[in-house]
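Numbering (my numbering), first residue to last: -3 to 326.
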């Protein structure tokens, strides 16, 4: 499941999930082998992982551990320095807010389909994590809050909204997000007050900051294609109508199907890959709503019937939608 550097994701997040699973008593080596990985690959910071495989691996580890909180628990298995230049940029910025703002520019180093944004209209300062991958946004938001808590003291948001279902472990949620959490929201967002935002980073070295930015720019390469974001946004809109196919998305963009496929290929992806990512992410959110039947979820994802949805879900997560829903019930 290794990938080329430009398109893959850093091994560090998956390494943390594997560490959390191991701490929960899971024998991880056979599961890693199912996905073409070894502990040696995860220990090598120069490796990148294929994006399409990590969703399935994370879900398989959750299933093996019996703990739906495992991706969030992994945050506590990722010490400072794990994310290399990203961590050191945050630590050497002048303030907490400056550090978070710096991360927004380079977060795609970690994963090309993760992003962090800050609303400049604060206070309060709105920090949003976005992801096209399963559990990615809540993991990202928790990781950022935990990092700055470690580096600069208590970083407790005024309030937090997350898209996932409530954790089974309320103490874990409070440690990561603070006490004011809205679950099953439509976005993963934290609001920080001005005092926290302007708090000085106690061990920042101003002389290092320009060097770290230069290193981050080199590591980041060109930013992710805006075309990918446009395709993802249109695909999400079209899913419930059953028209989320390459022809309809291309037409919305004023392109032919062939031109859309060619341009996506130029940035190392394909329409089928993006469609699967959108469906995976949307599936877990819809399944978190107990009022929706599996047939309704399948239709909202643009499948003709439940059977096609069941097959796709097993391919993504290694389990059935019904079993996944029961395991993740809040």
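Using N, Cα and C, we set each Cβ at its ideal position, and we do this for glycine too.
Residue i versus residue j: straight-line alpha-carbon distance, rounded
{"i": "residue 213", "j": "residue 81", "result": "10 Å"}
{"i": "residue 199", "j": "residue 139", "result": "19 Å"}
{"i": "residue 193", "j": "residue 104", "result": "23 Å"}
{"i": "residue 203", "j": "residue 21", "result": "44 Å"}
{"i": "residue 137", "j": "residue 270", "result": "22 Å"}
{"i": "residue 187", "j": "residue 121", "result": "5 Å"}
{"i": "residue 41", "j": "residue 289", "result": "42 Å"}
{"i": "residue 291", "j": "residue 302", "result": "5 Å"}
{"i": "residue 90", "j": "residue 242", "result": "46 Å"}
{"i": "residue 86", "j": "residue 144", "result": "8 Å"}
{"i": "residue 293", "j": "residue 223", "result": "27 Å"}
{"i": "residue 161", "j": "residue 311", "result": "22 Å"}
{"i": "residue 172", "j": "residue 281", "result": "21 Å"}
{"i": "residue 236", "j": "residue 152", "result": "37 Å"}
{"i": "residue 324", "j": "residue 58", "result": "10 Å"}
{"i": "residue 201", "j": "residue 178", "result": "36 Å"}
Same chain, Cβ closer than 6 Å to residue i, neighbours up to 5 away in sequence not counted
{"i": "residue 230", "result": "245 and 248"}
{"i": "residue 129", "result": "51 and 109"}
{"i": "residue 332", "result": "What the structure shows of the chain is the stretch from -3 to 326, and residue 332 is not part of that stretch, so it cannot be assessed."}
{"i": "residue 0", "result": "Low local confidence applies: a pLDDT of 41 at residue 0 is under 50, so the model's placement there is unreliable, with the coordinate-based value given in what follows. Here the set comprises nothing."}
{"i": "residue 56", "result": "27 and 314"}
{"i": "residue 328", "result": "With the chain covering -3 to 326 only, the question about residue 328 has no answer from this structure."}
{"i": "residue 190", "result": "119"}
{"i": "residue 102", "result": "212 and 216"}
{"i": "residue 135", "result": "67"}
Residues near residue i by beta carbon distance below 7 Å, same chain, minus five either side
{"i": "residue 65", "result": "163, 164, 165 and 168"}
{"i": "residue 98", "result": "85, 86 and 89"}
{"i": "residue 174", "result": "152, 153 and 156"}
Integer Cβ distance of residue i from residue j, believed to fall under 8 Å
{"i": "residue 124", "j": "residue 74", "result": "Rounded, the Cβ-Cβ distance is 21 Å, inconsistent with contact."}
{"i": "residue 70", "j": "residue 16", "result": "4 Å"}
{"i": "residue 284", "j": "residue 180", "result": "6 Å"}
{"i": "residue 95", "j": "residue 197", "result": "6 Å"}
{"i": "residue 133", "j": "residue 159", "result": "6 Å"}
{"i": "residue 297", "j": "residue 278", "result": "6 Å"}
{"i": "residue 53", "j": "residue 31", "result": "5 Å"}
As assigned by DSSP and simplified to three states, the class of residue i
{"i": "residue 252", "result": "coil"}
{"i": "residue 177", "result": "strand"}
{"i": "residue 170", "result": "helix"}
{"i": "residue 22", "result": "coil"}
{"i": "residue 280", "result": "helix"}
{"i": "residue -2", "result": "Low confidence applies to residue -2: its pLDDT is 46, below 50, so where it sits in the model is not reliable enough to give any reading."}
{"i": "residue 50", "result": "helix"}
{"i": "residue 308", "result": "helix"}
{"i": "residue 297", "result": "coil"}
{"i": "residue 303", "result": "helix"}
{"i": "residue 203", "result": "coil"}
{"i": "residue 185", "result": "strand"}
{"i": "residue 287", "result": "coil"}
{"i": "residue 91", "result": "strand"}
{"i": "residue 67", "result": "helix"}
{"i": "residue 327", "result": "With the chain represented from -3 up to 326, any question about residue 327 goes unanswered, as that position is not in the structure."}
{"i": "residue 195", "result": "coil"}
Proximity test, residue i beta-carbon vs the ligand GTP heavy atom, cut-off 6 Å
{"i": "residue 19", "result": "This structure lacks the ligand GTP; in fact it carries no ligand of any kind."}
Cβ neighbours of residue i in the same chain (closer than 8 Å, five flanking residues each side left out)
{"i": "residue 227", "result": "245, 249, 256, 260, 267 and 270"}
{"i": "residue 370", "result": "Nothing can be reported for residue 370: it is not among the residues displayed for the chain, which extend from -3 to 326."}
{"i": "residue 76", "result": "83, 87, 143, 146 and 147"}
{"i": "residue 317", "result": "279, 283, 290, 293, 305, 306 and 309"}
Output the residue ranges of the alpha helix (DSSP H) runs that lie fully inside the stretch 205 to 229 and measure 4 residues or longer, sorted by chain position. 205 to 216
Where in the stretch 106 to 161 do unbroken runs of the alpha helix (DSSP H), each at least 4 residues long, occur, reported from the N-terminal end onward? For the stretch 106 to 161, whole alpha helix (DSSP H) runs of length 4 or above, ordered along the chain, are 132 to 148.
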